[in-house]
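Just add 39 to wherever you are in the sequence shown, counting from 1, and you've got the numbering used here.
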Amino acid sequence: MKLHILRHAEPELNSFSGKDFDRVLTKRGIHQCELLKKAVAKRIEGTEVWCSGALRTRQTYELLAREIQFDKHTFYDEFHLCSKQIYLQHIWQSNSNNDLMIIGHNFGISDLVNYFTNDSIMLQPGEYICIDFQDLNRQETSQGMGSIVHRFNPG
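Written out as structure tokens, the structure is:
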């Protein structure tokens, strides 16, 4: 199983509502999504996507989905600024063993990468990492059992 991790692209500092949940992507963030599509489309095509319900993560997903065919997608409001534990609960409770892409936020999304790889990475806006668990299914994944096989930072 492969786990594709993506931190949302660069957002505005403030939102129209004053709520962090409602922050939108900047022009640079939109450009990052264009670069991501070109760099990782073949790796993530056909993948199931779990995405935070926050506006900037939804926009990141929607910009990618314009040209990349995903299997299915689910938006989770509880992924907004969550800890790695929330991601882990969802992964371990999932019945599917297909490849999975998660679009989320720091610090939880970086903590998830570090947990699975025993690394020390702080994902930047729009940064993508693919973790390979070889023949393990989602329920069998655990600390240090994954290897980073691809990484892309659109800058």
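Where is the CB? At the ideal position from N, CA and C, for every residue including glycine.
* Using 8 Å as the Cβ pair cut-off and three pairs as the minimum, do the stretch 58 to 69 and the stretch 177 to 184 touch? -> no
* Asked: Quick one: what's L42 bridged to in DSSP?
  -> Residue mapping note: residue 42 aligns to position 3 of the sequence shown, counting from 1. For L42, which the question treats as bridged, DSSP gives the partners L139 and I170.
* In or out: W89 buried (at least 16 other Cβ within 10 Å) or exposed? -> As a working note, residue 89 is residue 50 in the sequence shown. W89 should be labelled buried.
* Using CA coordinates, which residue listed in R105, V188, T96 and S56 is at the minimum distance from I148? -> Mapped onto the sequence shown, residue 148 falls at position 109. The option with the nearest alpha carbon to I148 is T96.
* **Cβ-based burial, K111 [other Cβ within 10 Å; buried from 16]** => Here residue 111 is taken as the residue at index 72 of the sequence shown, counted from 1. Result: exposed.
* Counting pairs of beta carbons, one from the stretch 117 to 127 and one from the stretch 136 to 148, are three or more of them closer than 8 Å? -> yes
* By DSSP, does L64 sit in helix, in strand, or in coil? -> As a first step, residue 64 must be located in the sequence shown, where it is residue number 25. It is a strand residue.
* Could you pull the start and end residues of the beta strand (DSSP E) that E179 belongs to? => As a first step, residue 179 must be located in the sequence shown, where it is residue number 140. No residue range can be given for E179, since it is assigned to no beta strand (DSSP E) and is classified by DSSP as neither H nor E.
* Does the Cβ of A80 have 16 or more other Cβ atoms within 10 Å, making it buried, or fewer, making it exposed? -> Counted from its first residue, the sequence shown places residue 80 at position 41. That one is exposed.
* **Three-state class that DSSP yields for F146 in the structure shown** => Stepping through the sequence shown from its first residue, residue 146 is reached at position 107. Judged by DSSP in its simplified three-state form, F146 adopts coil rather than helix or strand.
* Nearest residue (CA-CA) to A93, options R177, E51 and T156 -> Translated into positions along the sequence shown, residue 93 becomes position 54. Nearest C-alpha to A93: E51.
* **For H129 and C72, the rounded distance between their alpha carbons** => Position 33 of the sequence shown, counting from 1, holds the residue named residue 72. Position 90 of the sequence shown, counting from 1, holds the residue named residue 129. For C72 and H129, the distance between alpha carbons rounds to 25 Å.
* **Beta-carbon proximity of L139 to E87, cut-off 9 Å** => Translated into positions along the sequence shown, residue 139 becomes position 100. Translated into positions along the sequence shown, residue 87 becomes position 48. Yes, the pair counts as a contact, with Cβ atoms nearer than the cut-off.
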